[in-house]
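Notes to accompany the following structure.
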Amino acid sequence: MNLTNAEMLIMNLLWNNGQLRANQISEYMIDEKGWKKNTTYTLINRLVKKGAIEKVNPGFLCRPLIQVEEARIKETRQLLDKIYNGSFKLLVQNFIQNEDLSKDDIEEILKMIDEVKKNE
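Residue 57 in my numbering sits at position 56 of the sequence shown; the count goes up by one each step and never skips.
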C-alpha cells in the first residue's frame with residue numbers, strides 16, 4: 002500500500018485518536034494544515050479505497066484498518082526498494098555518513114544488532 006504524505010497525516014491523526022468523524026478530521030486539517038474541506042474528504046475517500054480506513058455511517062466515523070507498525074514496515078520497504086534498490090546496507094551507510102548520530106543513538110543501534118545476532 003503506497004500512502005502519500007497527506008494520507009499519512011490523516012492516518013497518524015486516526016492512529017493517535019482511534020477513530021474520528023470525517024468532519025473532525027476536516028476541521029483539524031483546516032486549522033492545522035490550511036487544507037480545504039474537499040481536500041480532506043478526497044483523501045479520506047482515497048484511504049477507504051486503499052483499504053487503509055473504514056468510513057461508517059452515521060456520521061462518517063473513520064477508523065484505521067491497518068496498524069501503524071504495518072504501515073511503517075510497508076513504507077520503509079517501498080523507500081528501500083525505490084531509493085536504495087532494496088539494499089538495507091546502503092540505507093544504513095547513508096544514514097551513518099550523513100546524519101549526526103549521538104553516542105546514545107549509536108549504542109542503541111549496536112544493542113539492536115547484538116539482539117539480532119543472538120536470535121539467529
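All C-beta atoms, glycine included, are put in the ideal place defined by N, C-alpha and C. Keep in mind that this is a model prediction, so the values were computed, not measured.
Whole-angstrom Cβ separation of ILE67 and ILE11, contact assumed at under 8 Å?
-> ILE67 to ILE11, Cβ: 12 Å. No contact.
Quick one: using the 10 Å Cβ neighbour count with 16 as the cut-off for buried, is LEU80 buried or exposed?
-> Burial call: exposed.
At what residue ranges does the segment 2-56 contain a whole run of the alpha helix (DSSP H), taking only runs of 4 or more?
-> Fully enclosed alpha helix (DSSP H) runs of 4 or longer: 6-18, 23-34 and 38-51.
Exposure of SER88, with buried meaning 16 or more beta-carbon neighbours within 10 Å | exposed
Confirm the yes/no value for this check: CB of THR43, any heavy atom of the ligand NAD, distance under 6 Å.
-> The ligand NAD is not among the ligands present in this structure, which contains no ligands whatsoever.
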